[in-house]
Structure formats: C-alpha cells, structure tokens
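See below for the structure under consideration.
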Amino acid sequence: MMSKVIDGKRISKEIKDELKEKVSKLAVKPKLVVISVGDNAASSVYVNQKEKCAKYIGLDYSHMHYDSINDDDLIKVIEKLNNDSKVNGIIVQLPLPKGMNEERIVNSIQKEKDVDGLTYFNAGLLLNNEKCLVSCTPKGIMELLKRENISIEGANVVVIGRSILVGKPMMNLLINANATVTMCHSKTKDLAKITKKADILIVAVGKKHLITRDMVKRGSVVIDVGINRVDGKLYGDVNYDDVYDKVRKITPVPGGVGPMTVVMLMTNVLLAYENQKK
Ligand code: NAD
C-alpha cells in the first residue's frame, strides 16, 4: 500500500537529482541571482536553502546582499542583470524592508528571468492559461499531486488563503487543470461547511492548527502550506495528528510543501535557461 504521507522531502530529492543530471550535461551552467536587502532572519534561512540546492544541482549561483539600498538603485541593479546574457534567473527575496516598493521592484525583473513568477506579466499569462514561469510553492504542490497520482480534473478543490504568492496562483493552476475550485479567505463565512466538501484541501493561511478533524472530508487529500514557528518548533495550518486517520493523503510540516518550493525555483531556472536559448 502506498503511504498516506506525501513525502515532499523524498520527492524533492528525486527532482533535484533529475535536475542535477540535466545540468551535468550542459556546457554552460544556468545562472541564478538572488538579491536580498536588510536583515531578516527567516529570509536568510530561505536564501541559504536556495544556495544549497542550487549548488547541489550544479547551477551557477550568486547572492547579492545589500544592508540597505534605495528603490531606484536596486532597480538599476536589476536592469543590469536583465541585460546580462549570462544571467538566466533573478529573484528578489521578499519581504523587502518597510518603505520599499516591492511591486515596482519585482516588476522591474525581465519576465523571461522572473523565476519566482511574481511579475504581473507572468501572473497574467497564468490567468490566461499560457506557458509561463509559475510561482514556486503552487507549482510544487501541482508536482506533488502529479507524482502521487492524485487526479485533479473534476475534483472539488478548496484553497484557503488568497495571497499573490500562493493562494491565487494555486487557484489558477487548478482551474487550468480542470478542477472545480472554491477560494476561501479571512472573510469566508462558515469555513468548515466548505472545507468538508473538499476532495483536495489546500491550506495557505499561517495559523497553527486552523484545520481540525471536523473540518475535513473522509478520504480527502490535505495539502498544508502553513509554516508557523511556535517556541522554536514548526507547525502547519492543519492539526496533522487530529485529521491523520480520516484523510487519504496528507503533507507533513516540515517535510511536505516546503522542500518542493525550493526545488521548483531550480526547475524554473532551467526552464528560463532553455527558453532564453531558443
Ligand atoms: P499571507 O499572509 O499573504 O496570506 C494569508 C491568507 O490567509 C490571506 O489571504 C487571508 O485572507 C487568509 N486568512 C487569514 N486568516 C484566515 C482565517 N481565519 N480563515 C481563512 N483564511 C484566513 O500568506 P502566504 O504568503 O500565502 O503564506 C501562508 C502560509 O504559508 C504562511 O504560514 C507562510 O509561512 C506559508 N508559506 C509556506 C511556503 C512553503 O514553501 N511551505 C511558501 C510560502 C508561504
């Protein structure tokens, strides 16, 4: 019998090795540049994970850090990278320090190098079901569903959380894959009534154990995106132990969606590289 736990760590390792194999055959290595500004403990953890993964795969990786920089100067840095043919992917680590215009800065990244899929251009392409660079977390969730043979077409999928980073691109990917999608958020009334109908429930809120046993459908698939650090320990948005024997499949936190997000960034760098070669 297949395991009930969707092992994102194992699946992400498989993908990492597939990418490593691909990169080893390339004469010129795809290049990713990560830009970070200021001092944010969570961000530096994420940047380190990206660096480790990029190096494992064999990408050309560069991290540009600024203790502080103004919007115009940062955009000049990005434009220089846009015009550098050796650079295939650029990301700006979010959040930027307070007062910086994230929207303007992110949208200054050339759409072909936008490996976080956060520019309006790529978001618009996704909305129109066109080929594009897709935000890494929802892309990773689609890959998990695919590799676990969970069928999406016609399924009732409930997404909780409407962020630009996770919830909204998730909704579009699912609609494009022919699911029937219900989008819930902080103003949704009677959340449990909706979640109980979900064949697949995807939770991206950031509230420890928001989802309890009474809120899930028996035999459903639960994808927990939440990362909540409480007293140095990580918790998901789903009360894992509470729902475990009621569901068909579930992602743990940590070790579920998180590792997929990092490796999808690398998948996007390779995709950007291949598209730029054409
Ligand atoms: P966000 O803070 O931008 O958005 C949270 C969303 O939750 C909002 O749309 C809000 O309407 C909704 N919400 C808030 N309270 C709610 C409630 N009581 N009921 C229903 N909906 C409610 O968050 P985000 O950036 O999408 O991140 C969500 C969570 O996922 C966070 O814990 C974050 O750390 C985590 N995350 C994990 C990964 C990963 O790779 N595993 C990646 C990105 C984000």
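Residue numbering for the sequence shown is 8 to 285, as defined by the working numbering. No residue lacks a Cβ here, since even glycine has one placed at the ideal position from N, Cα and C.
Cβ-Cβ separation, residue j to residue i (assumed contact under 8 Å), whole Å
i	j	result
Gly233	Gly213	6 Å
Val164	Ile207	4 Å
Lys118	Thr126	5 Å
Ile13	Leu151	6 Å
Ser1	Pro176	Because the chain spans 8 through 285 in this model, residue 1 falls outside it and cannot be assessed.
Asn179	Leu140	The pair is not a contact, with the Cβ atoms about 13 Å apart (cut-off 8 Å).
Within 8 Å, strictly: CB atoms of residue i and residue j
i	j	result
Tyr73	Val44	yes
Ile230	Ile167	no
Val122	Val113	no
Ala130	Gly174	no
Ile218	Asn246	yes
Met190	Arg169	yes
Ile97	Ile85	yes
Lys224	Lys204	yes
Thr144	Val228	no
Lys38	Leu66	yes
Val237	Lys215	yes
Val41	Lys57	yes
Val260	Leu241	yes
Ile64	Lys23	yes
Glu109	Leu101	yes
Asp79	Met107	no
Note down, one range per segment and in chain order, each beta strand (DSSP E) of at least 3 residues found wholly within the stretch 199-281. 207-210, 228-231, 235-237 and 240-242
Does the stretch 10-25 come close enough to the stretch 262-273 to have 3 or more Cβ pairs within less than 8 Å? yes
Kindly confirm or deny that the stretch 148-162 and the stretch 173-187 touch, where touching means at least three C-beta pairs closer than 8 Å. The stretch 148-162 makes contact with the stretch 173-187: 3 or more CB pairs, one atom from each, lie closer than 8 Å.
Going residue by residue through the stretch 132-164, where are the continuous alpha helix (DSSP H) segments of at least 4 residues, counting only ones entirely within it? 143-154
Quick one: complete alpha helix (DSSP H) runs, 4+ long, within the stretch 37-101? 48-64 and 78-89
Taking 8 Å as the threshold, find out whether the stretch 85-92 comes into contact with the stretch 47-56 through three or more Cβ pairs. no
Would the stretch 22-42 and the stretch 273-280 be scored as touching if the rule is three or more Cβ pairs under 8 Å? With contact defined as three or more Cβ pairs closer than 8 Å, the stretch 22-42 and the stretch 273-280 are in contact.
Whole beta strand (DSSP E) elements within the stretch 11-36, 3-residue minimum: none
Just list the alpha helix (DSSP H) runs in the stretch 159-195, keeping only unbroken ones of 4 residues or longer that don't cross its boundaries, in chain order. 174-183
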